[in-house]
Every structure is written in C-alpha cells, then in structure tokens.
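Numbering (the working numbering), first residue to last: 1 to 322. Glycine included, C-beta positions come from ideal geometry on N, C-alpha and C. Please read all numbers here as calculations on a predicted model, not as lab measurements. One structure is given here, and the rest of the page talks about it.
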Amino acid sequence: MKNVIYLDAGKAMYKGNLHLHTTWSDGAQPAEEVVEAFKAKGYHFISLSDHDIYTRTEDFDTEHFITLPGTERGELNPVADKNPGYHFGALDDPTVEPELARYGHLEKFPTPVPWVGDHSPQLLIDELRAHGNLVVFNHPEWHLTRFEDMVKYDRFFAVEIYNHATEWSTASSYGAAYWDHALQNGKRIFGIAADDSHVHEEGWAIPEFGGGWIRAQAESLTQAGVIRSLKEGRFYSSSGPEIHDLRVEDGELKIRCSPCKFIMFKAFPQRGPFFGNFESGKPLTEASMEIEEDMAYIRVECIDFEGKVAWTNPVFIADLLE
Ligand SMILES: [Zn+2]
Ligand SMILES: [Zn+2]
1 MKNVIYLDAG KAMYKGNLHL HTTWSDGAQP AEEVVEAFKA KGYHFISLSD
51 HDIYTRTEDF DTEHFITLPG TERGELNPVA DKNPGYHFGA LDDPTVEPEL
101 ARYGHLEKFP TPVPWVGDHS PQLLIDELRA HGNLVVFNHP EWHLTRFEDM
151 VKYDRFFAVE IYNHATEWST ASSYGAAYWD HALQNGKRIF GIAADDSHVH
201 EEGWAIPEFG GGWIRAQAES LTQAGVIRSL KEGRFYSSSG PEIHDLRVED
251 GELKIRCSPC KFIMFKAFPQ RGPFFGNFES GKPLTEASME IEEDMAYIRV
301 ECIDFEGKVA WTNPVFIADL LE
C-alpha cells in the first residue's frame with residue numbers, strides 16, 4: 001500500500017469561502033465591503049458567487065488575498081415558480097481550455113432556467129462545464145434534493161456538505177449524507193463547507209457569515225493554484241475545528257487536528273473506528289486506523305466540544321493499491 005500525504009502540516013493552507021452574495025444579486029453589501037469583511041476575518045480567498053451573474057474581480061486581488069471568478073446558477077425548478085429548485089456553484093477553471101467562451105465580468109444569465117424534464121439539471125451542469133467551470137452541487141438538504149440525484153447527475157466535482165446560511169435561516173445545512181450516498185455509489189466527489197452569506201455584519205451575536213469554510217493546500221495563492229488543489233481534493237472543510245495533517249503511512253490513515261471531542265473515521269462498506277475520551281473528557285488531537293484493502297473510501301470527521309465539525313475529503317483506497 002502506498003504512503004500518501006493528503007494534507008501536510010508543514011505546508012501553507014489557505015482559508016476560503018466559495019459561496020456568498022453581494023448587491024450584484026440579493027446580498028446586503030457591495031462587493032468592496034464583502035471583500036473587506038472576509039479579509040478582516042483572515043480569509044485568503046473568496047468567490048463572489050452572485051445569483052445568475054458572473055463575477056471576475058481580480059482588481060480586488062492582493063499578494064495575500066484573491067477572488068475566484070464564479071457564479072451561482074439557480075431558478076431551475078421542477079414546478080414552475082415554486083421553490084425549492086436546483087442551485088449550482090460555478091468556479092472558473094483556468095487550467096482547462098473550454099469548448100465555449102469563458103463568461104465575462106457581470107455577464108447575466110437568463111432566469112428562470114426552463115425545466116424540460118429530469119435531465120434539466122444535467123443540461124445546466126454541462127453548460128457551465130462547457131464554459132470552463134468547475135461545478136458544485138449547492139445545499140442539497142435545503143432544496144430538498146432527492147438522494148438519487150447524487151447518482152443520476154454527473155460532472156459536478158463537489159457537493160456542499162455544510163452551508164452556513166441555511167443553518168442560520170432554516171437549520172437545514174448538512175449535506176454529508178448526500179455525499180456518502182454519492183460515494184457509496186462509486187462517485188469520486190469532494191465535500192465543501194461554505195457560508196452562502198448574504199449579510200456581512202460584524203457584531204451580530206449569531207452571525208450569518210464566517211461559519212463555514214475550506215482550507216486549501218495550494219502550492220501558491222493564485223487562481224490556478226487554488227483551483228488545482230480543489231480539483232485534486234487537497235483541502236478540507238470546517239465549521240470550527242482545524243485539521244493539521246492527513247496521511248497514509250504504513251497501511252494506516254493518520255489525522256492530526258485541533259482539540260476535539262470526537263474523531264470519526266467514516267469508512268465504507270465497513271464502519272471505521274470512533275474515538276472519544278468518554279470518562280476523562282480529555283480533548284483528542286490525533287487518531288489513526290488500519291486501512292483494509294476491501295474498503296472503498298474513508299473520510300474523517302473531527303467534532304469539537306461545541307459540536308462544530310471539520311471534514312476531510314475521502315481517501316479512495318483503490319488509489320493506494322495501484
Ligand atoms: Zn443557493
Ligand atoms: Zn447562494
């Protein structure tokens with residue numbers, strides 16, 4: 001079995017939010033203020049993913065902070081004029097040559113997207129891909145997605161497993177069960193935590209932003225660097241805890257994290273081990289498990305004493321056996 005380092009404690013990890021809204025759609029603040037709000041919270045990158053309008057905002061970029069071109073396409077409802085429908089995040093991928101022209105800054109998309117049958121979501125995903133975008137299946141729990149959609153639809157690289165705004169507004173933010181459904185059916189997709197924030201106000205006791213993010217181990221803080229790390233799954237998601245290191249060494253999967261209450265290895269089809277110091281309540285900062293060759297994948301959740309979670313991406317066991 002190969003030794004692989006997925007997240008290396010010795011290397012930089014950049015903090016980012018791939019999903020938010022400004023006054024270019026239904027957000028409360030203009031882009032300049034939103035950028036400053038995330039900079040002040042120590043983020044390194046964001047995507048101004050406004051509804052049905054594309055943003056390219058490299059004018060905001062500095063040496064320590066970048067914006068990723070993208071959008072959120074929606075208004076694709078199986079029942080006309082009735083929510084919930086499908087929303088897909090799009091991120092410009094500069095590492096590919098697209099079949100069709102890349103979208104321009106503030107290019108608007110016609111809405112609603114007509115529902116022409118069950119393949120409508122796939123048509124929208126394919127359109128975004130043809131224009132050179134990575135696609136994220138946004139907030140499946142919030143829009144009452146059917147589990148089978150995770151298998152039926154294809155060519156999205158990730159699913160939102162935590163969406164802070166829908167936790168904040170409707171307590172329906174967790175997509176990890178959808179993720180497992182996709183993974184258990186052989187899909188290779190990654191999980192993303194994001195804010196989907198519309199209001200970026202400091203001082204709220206229960207804030208709508210800064211609650212879900214990723215940390216990417218990109219080789220450089222550039223658009224291409226971050227996108228490459230996303231495509232390769234070299235990132236983790238969090239609503240609180242930090243993951244410092246994740247690696248396979250001598251047939252074991254090993255994780256190191258900030259102090260947590262529980263560490264769960266979610267393996268399939270056999271369940272992985274679960275760790276917690278039930279008697280002493282002593283925080284855990286590392287754990288490991290022996291990998292069995294007939295496992296399909298293992299992903300790890302680290303849960304802190306407030307119930308906040310950090311999620312690794314899946315380790316696909318077949319990759320270790322090649
Ligand atoms: Zn949405
Ligand atoms: Zn959104």
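Query - Residue range of the alpha helix (DSSP H) that includes LEU320 - result: Start at 1 with the first residue of the sequence shown, and residue 320 comes out as number 320. Note, LEU320: alpha helix (DSSP H), 317-321.
Query raised in the report: Relative to the C-alpha of ALA9, which residue among ALA216, ILE263, CYS302, PHE265 is closest?
Result: Taking the first residue of the sequence shown as position 1, residue 9 is located at position 9. The shortest Cα separation from ALA9 among ALA216, ILE263, CYS302, PHE265 belongs to ALA216.
Query - Spatial distance of HIS143 from THR170 (CA atoms) - result: Taking the sequence shown and counting its residues from 1, one reaches residue 143 at position 143. Taking the sequence shown and counting its residues from 1, one reaches residue 170 at position 170. Computed Cα separation, rounded: 11 Å.
Query raised in the report: So is the beta-carbon of ASN3 under 7 Å away from any non-hydrogen atom of ligand 1?
Result: Residue 3 sits at position 3 when you count from the first residue of the sequence shown. Not so, every heavy atom of ligand 1 lies at least 7 Å from the Cβ.
Query raised in the report: Taking DSSP as the reference, what is the three-state secondary structure of ASP92?
Result: Position 92 of the sequence shown, counted from the start, is the residue given in the question as residue 92. Note: ASP92 maps to strand in three-state DSSP.
Query raised in the report: Just curious, the alpha helix (DSSP H) that ALA37 is in, first and last residue?
Result: The residue labelled residue 37 in the question sits at position 37 within the sequence shown. It spans 31-40 - the alpha helix (DSSP H) in which ALA37 sits, taken as one unbroken run.
Query raised in the report: Is there at least one non-hydrogen atom of ligand 2 closer than 7 Å to the beta-carbon of HIS19?
Result: Here the question's residue 19 lines up with position 19 in the sequence shown. Under cutoff, so the answer is yes.
Query - DSSP beta-bridge partners of PHE274 - result: By 1-based counting over the sequence shown, the position of residue 274 is 274. Answer is MET264, bridged to PHE274.
Query raised in the report: Given a threshold of 16 other Cβ atoms within 10 Å of its Cβ, counted over all protein chains shown, does LYS108 qualify as buried or as exposed?
Result: By one-based count along the sequence shown, residue 108 stands at place 108. It counts as exposed.
Query raised in the report: Shortest alpha-carbon distance to PRO241 belongs to which of LEU123, GLU141, ILE303, LEU91?
Result: Reading the sequence shown from its first residue, position 241 is the one you call residue 241. The option with the nearest alpha carbon to PRO241 is ILE303.
**Report entry** Unbroken stretches of the beta strand (DSSP E), 3 residues or longer, contained in the stretch 43-121
**Finding:** 70-76, 86-92
Query raised in the report: In the DSSP assignment, what residue or residues form a beta bridge with MET289?
Result: To locate residue 289, count along the sequence shown from 1; it is residue 289. BP columns for MET289 point to LEU253.
Report task. Can you tell me which of LYS266, LYS308, ARG256, GLU219 puts its alpha carbon nearest to the alpha carbon of SER212? Result -> Here residue 212 corresponds to residue number 212 of the sequence shown, with the count starting at 1. Residue 212 is actually Gly in this sequence, not Ser. Closest option to GLY212, Cα to Cα, is LYS308.
Query raised in the report: Between HIS21, ASN17, GLY27, which lies nearest to LYS39 when the distance is taken from Cα to Cα?
Result: Position 39 of the sequence shown, counted from the first residue, corresponds to residue 39. Cα-wise, what sits closest to LYS39 is ASN17.
**Report entry** Through-space distance from SER258 to ASP180, alpha-carbon basis
**Finding:** By 1-based counting over the sequence shown, the position of residue 180 is 180. By 1-based counting over the sequence shown, the position of residue 258 is 258. When rounded, the distance between both Cα atoms is 24 Å.
Query - Residue from LEU7, MET1, LYS2, PHE88 with nearest C-alpha to SER229 - result: Counted from its first residue, the sequence shown places residue 229 at position 229. Residue LEU7 is the option with its Cα nearest to SER229.
Query raised in the report: Can HIS181 be considered in contact with ligand 1, in the sense that its beta carbon sits closer than 7 Å to one or more heavy atoms?
Result: Here residue 181 is taken as the residue at index 181 of the sequence shown, counted from 1. No - ligand 1 has no heavy atom lying nearer than 7 Å to the Cβ of HIS181.
Query raised in the report: Does ligand 2 have even one heavy atom less than 7 Å from the beta-carbon of GLU323?
Result: No statement about residue 323 is possible, as the shown extent of the chain runs from 1 to 322 and does not include it.
Query raised in the report: Going straight from the alpha carbon of ASP245 to that of MET150, what length do you get?
Result: Counting from 1 along the sequence shown, the entry for residue 245 is found at position 245. Counting from 1 along the sequence shown, the entry for residue 150 is found at position 150. Straight-line Cα distance between these residues: approximately 29 Å.
Query raised in the report: Measuring CB to CB, does THR55 end up less than 8 Å from THR71?
Result: Along the sequence shown, read from residue 1 onward, the residue named residue 55 stands at position 55. Along the sequence shown, read from residue 1 onward, the residue named residue 71 stands at position 71. Yes, the Cβ-Cβ distance between THR55 and THR71 is below 8 Å.
Requested in this report: Please determine, among ILE206, LYS187, PHE262, SER288, the residue with the shortest C-alpha to C-alpha distance to GLU249.
Outcome: Indexing the sequence shown from 1 puts residue 249 at position 249. It is SER288 whose Cα lies nearest to the Cα of GLU249.
Query raised in the report: Taking the DSSP output, what are the residues bridged to SER197?
Result: Against the sequence shown, residue 197 aligns to sequence position 197. Paired residues: LEU20.
Report task. Note down, in chain order, each residue of its chain lying with its Cβ closer than 8 Å to the Cβ of ALA80, except the 5 sequence neighbours on either side. Result -> For the purposes of this step, residue 80 is taken as residue 80 along the sequence shown, with counting starting at 1. Correct list, in chain order: PRO112, TRP115.
Query raised in the report: Do you know offhand how far SER220's Cα is from VAL226's?
Result: Within the sequence shown, numbered from 1, the residue matching residue 220 stands at position 220. Within the sequence shown, numbered from 1, the residue matching residue 226 stands at position 226. In a straight line, the C-alpha of SER220 is about 7 Å away from that of VAL226.
Report task. Look up GLU25 in the DSSP assignment and say whether it is helix, strand or coil. Result -> The sequence position of residue 25 within the sequence shown is 25, counting from 1. Sequence check: residue 25 is Ser here, not Glu. If DSSP states are grouped into helix, strand and coil, SER25 belongs with coil.
Query raised in the report: Unbroken beta strand (DSSP E) runs of length 3 or more, entirely within the stretch 165-229: which are they?
Result: 190-194, 213-216
Report task. Locate the alpha helix (DSSP H) running through MET150, then write down its first and last residues. Result -> Within the sequence shown, the letter at position 150 stands for residue 150. Its alpha helix (DSSP H) spans residues 149-152.
Query raised in the report: Using a threshold of 7 Å, is the CB atom of GLU72 nearer than that to any non-hydrogen atom of ligand 2?
Result: Within the sequence shown, the letter at position 72 stands for residue 72. Under cutoff, so the answer is yes.
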